[in-house]
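Engineer: Provided herewith is a single structure, encoded as structure tokens, for subsequent inquiry.
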Amino acid sequence: MPVILKGRTVSRGKAAGPALVSKDAISFLGGVDPKTGNVIEKGHALYGRNVKGTVLVFPGGKGSTVGSYVIYQLKKNGVAPAAIINIRSEPIVAVGAIISDIPMVDALDKDPVEIIRDGMTVTVDGTTGTVELPC
Amino acid sequence: MHLTKEEEAVFNGGRGPTLQKMMEILVALGDIYGADKLIPVKSAQIAGVSYKTIGDAGLEWISDLQGKAVIPAILNPMGMDRDAWQGMHIDKQFADKQEQIIKAYERLGIRAECTCTPYYLERPKFGDHLAWSESSAVCYANSVLGARTNREGGPSALAAALVGKTANYGLHIRENRYPTVTIKVKEPLRGAEYGALGYVVGPKVGDGIPIFSLKSTPTEDELKHLGAALASSGAVALFHVLNVTPEQYILPHDRIDVDKKDLEEGWQVPTRYFLPKNRIDVDVSAVKALMAKHEEPDLIALGCPHASVEELQEILKALKGRNVKKEVWVCTGRSLGEKNRALIDGLQRHGIKVLYDTCMVVSPAANHFKKMMVNSGKALKYTPSMCGVDAVIATTAECIEEACR
């Protein structure tokens, strides 16, 4: 039986992918290369990893509000995450996910950063605000 | 968040994908911040206009949208003067992209007025709800005019322009507008010293709501510089000044929270006000020390935020008929300049470059200089990181003296 976590809709739509989990907040402006999807912020937990096609799991956003547009550019360049899960979303990432049609949920009943392991296949349903994990 | 039937229909795509997306943005932000509903706004001011800041990603997003603004909507400063960009050493590729961004906004019914002082175009009334995003304009509207706006991001201000509404949270709600920290300044200040004050105390205030007890009565221009510096060195969206700003009188009787000791120390407290317990005493010598640095600049840049008519007059007067010998920029809004042609002509005759709808912070033009002298605490904060220059702050009169030397 898969595990279903209940949360809150931020951006609608449904997608699945391997989880990429970070305990650090992410600033998309200056933190992620919009051309490649590589995390380029030195010292970041995900430094050197690529966000393309992943279910990106992190506490929340930080940094410049231009970050919303960087998420849009990732999508246009075909290197965006498939879905996003935050502990608690803030406007930069939330707006970026909405304008880029990336399903996103937050405020899950269990801490996603603790419970979701790197590489685990995760399904995010932004419309119902739920996340499905393998058993 | 509660949506009306009509709003719900837009949210579900009943009026096309762009409005659906805009409604999703408003609803998501409303949910994040615990809004109960959407409320109508009188105007929108959209940040994220300069190609220097939003790049190709921003341009693509705006270009992909369909629709028309349903309330008066304008922009914040762009990366160049649309007419005088060649004289600013802006390259053609940048100018073309900048022009595309402006055209994309115009196609959405947004006026190509690119100013950080939208209140000189139309002055909001006390209590008006707005969706503005330029940090200094937000601070002025809330503090000096008593209008109500949060610090909107570019996309959410655009959403408000197209939908005509914003989510009811934060500074739209009266109870969230009370001061959180008291700031006492023990000596009178003048002109650019208010910007320097904002620069010094902004980091200590963070995103709090300060109430100032001052020994001098600031003008609207001085309040503008104080707020702009507070918003850039901190994240202040609203401040109050005892006996000066308009909103102190709407605060309720039951929040009076002043002990006698404060009064004995000489605090001026209107009976309907309360002072937060959290207090900062300003070291005025730090403000004065900032003003005392006078290194030789190769660029003197005024008009951050965009110059008012009074400030333009002050600059012209300070020239005393002399021509400037150094590079001097004065930034202001195009429509304000066009309404005051004689004044602008006067400044230009004395060798000053008047730049419309742009500024030293968001334009790549200032990157060509090494040392900037400004009369603005906001410019002092941003230009070293955004333009790679050293900056010093001085009064308007000192800036003009330096320019004529």
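Protein chains in written order, with the numbering used here: chain A, 1 to 135; chain B, 1001 to 1405. Don't be surprised by glycine CBs; every beta carbon is placed ideally from N, CA and C. Just so it is clear, the structure is predicted and the values come from calculations on it, not from any experiment.
Going straight from the alpha carbon of B/E1402 to that of B/S1308, what length do you get?
Structural biologist: 21 Å
Engineer: List, in chain order, every chain B residue whose beta-carbon is nearer than 7 Å to that of A/T172.
Structural biologist: There is simply no residue 172 of chain A to check, as chain A begins at 1 and stops at 135 in what is shown.
Engineer: Using a Cβ-Cβ cut-off of 8 Å, state whether A/K76 counts as contacting chain B.
Structural biologist: yes
Engineer: Mind the definition here: the segment 1039 to 1058 of chain B touches the segment 1178 to 1185 of chain B only if three or more C-beta pairs lie below 8 Å; say whether that holds.
Structural biologist: Judged by Cβ distances under 8 Å, the segment 1039 to 1058 of chain B makes no contact with the segment 1178 to 1185 of chain B, as fewer than three pairs qualify.
Engineer: Where A/G43 and B/L1275 are concerned, what is the direct C-alpha to C-alpha distance, given to the nearest angstrom?
Structural biologist: Rounded to whole angstroms, A/G43 and B/L1275 show a C-alpha spacing of 43 Å.
Engineer: Are the Cβ atoms of A/V95 and B/S1156 separated by less than 8 Å?
Structural biologist: yes
Engineer: Which residues in chain A have a C-beta closer than 8 Å to the C-beta of B/E1024? List them in chain order.
Structural biologist: At a C-beta separation below 8 Å, B/E1024 has these neighbours in chain A: S11, R12, I98.
Engineer: Just the Cα atoms here: how many angstroms apart are B/L1189 and A/T123?
Structural biologist: 59 Å
Engineer: For A/D101, I'd like the list of residues in its chain whose CB is within less than 8 Å of its CB, leaving aside the five on either flank, ordered along the chain.
Structural biologist: Once the five neighbours on either side are set aside, the close Cβ partners of A/D101 are S11, G13, K75.
Engineer: Would a check of beta-carbon distances place B/I1032 closer than 8 Å to chain A?
Structural biologist: True, the Cβ-Cβ gap to chain A drops below 8 Å.
Engineer: Would B/L1075 pass as a contact of B/Y1119 if the rule is Cβ separation under 8 Å?
Structural biologist: Result no, Cβ atoms of B/L1075 and B/Y1119 do not sit closer than 8 Å.
Engineer: Pull up the distance between the alpha-carbon of B/L1223 and that of B/S1143, whole angstroms please.
Structural biologist: 9 Å
Engineer: Are the beta-carbon atoms of A/Q73 and A/P103 separated by less than 8 Å?
Structural biologist: no
Engineer: Among the candidates A/P59, A/D24, A/E90, whose CA atom is the shortest distance from the CA of A/T65?
Structural biologist: A/E90
Engineer: Could you tell me whether the Cβ atoms of B/H1002 and B/D1036 are closer together than 8 Å?
Structural biologist: yes
Engineer: Excluding sequence positions up to five away, which residues of its chain have a Cβ less than 8 Å from the Cβ of B/T1396?
Structural biologist: Result list for B/T1396: G1191, A1192, L1302, E1311, E1314, I1315, A1318, N1375, in chain order.
Engineer: Answer with buried or exposed for B/E1231, where buried requires no fewer than 16 other C-beta atoms within 10 angstroms of its C-beta.
Structural biologist: One detail in the question is off: residue 1231 of chain B reads as Ala in this sequence, not Glu. Classification of B/A1231: buried, given that the 10 Å Cβ count is 16 or more.
Engineer: Which of helix, strand or coil does DSSP assign to A/G48?
Structural biologist: Residue state, collapsed to three classes: coil.
Engineer: Please confirm if the segment 17 to 30 of chain A is in contact with the segment 55 to 64 of chain A, defined as three or more CB-CB distances below 8 Å between the two stretches.
Structural biologist: yes
Engineer: With DSSP as the reference, label A/G67 as helix, strand or coil.
Structural biologist: Taken through DSSP and simplified to helix, strand or coil, A/G67 comes out as helix.
Engineer: Let me see if you follow: with CB-CB separation under 8 Å, is B/I1090 close to chain A or not?
Structural biologist: Interface criterion not met: the Cβ of B/I1090 is under 8 Å from no Cβ in chain A.
Engineer: Jot down the residue ranges of each uninterrupted alpha helix (DSSP H) in the segment 1148 to 1232 of chain B, minimum 4 residues, whole runs only, in chain order.
Structural biologist: 1154 to 1163, 1192 to 1205
Engineer: Using DSSP bridges, identify the partner residues of B/C1399.
Structural biologist: In the DSSP output, where bridge partners are listed per residue, B/C1399 has none listed.
Engineer: If you follow the beta strand (DSSP E) that A/M104 is in, where does it begin and where does it stop?
Structural biologist: 104 to 106
Engineer: State yes or no: is the C-beta of B/G1079 within less than 8 Å of the C-beta of B/K1052?
Structural biologist: yes
Engineer: Could you tell me which chain B residues have their CB closer than 9 Å to the CB of A/E90, listed as they occur along the chain?
Structural biologist: I1032
Engineer: Can you round the beta-carbon distance between B/A1229 and B/L1171 to whole angstroms, since I take them to be within the 8 Å contact cut?
Structural biologist: Not confirmed; about 19 Å, so no contact.
Engineer: With DSSP collapsed to three states, give me the class of A/T9.
Structural biologist: strand
Engineer: According to DSSP, is B/Y1033 part of a helix, a strand, or is it coil?
Structural biologist: DSSP places B/Y1033 in coil when its eight states are reduced to three.
Engineer: Distance, Cα to Cα, B/A1394 vs B/Q1098?
Structural biologist: Cα-Cα distance, rounded: 32 Å.
Engineer: So which of B/M1023, B/V1138, B/Q1086, B/A1137 has the shortest CA-CA distance to B/K1353?
Structural biologist: B/Q1086
Engineer: For a contact defined as C-beta to C-beta under 9 Å, what are the partners of A/P81 on chain B?
Structural biologist: Residues of chain B passing the Cβ test: none, with the nearest at roughly 16 Å.
Engineer: With contact counted as at least three CB pairs below 8 Å, one residue from each stretch, are the segment 1193 to 1201 of chain B and the segment 1338 to 1346 of chain B in contact?
Structural biologist: Short answer: they don't touch.
Engineer: Residue range of the beta strand (DSSP E) that B/V1309 falls in?
Structural biologist: Segment 1309 to 1319 is the alpha helix (DSSP H) holding B/V1309; no beta strand (DSSP E) there.
Engineer: Just tell me which of B/R1148, B/V1201, B/K1186, B/A1161 has its CA closest to the CA of B/E1175.
Structural biologist: B/R1148
Engineer: From B/V1392, B/D1096, B/M1360, B/E1247, pick the residue whose C-alpha is nearest to that of B/M1386; which is it?
Structural biologist: Here the closest residue by C-alpha is B/M1360.
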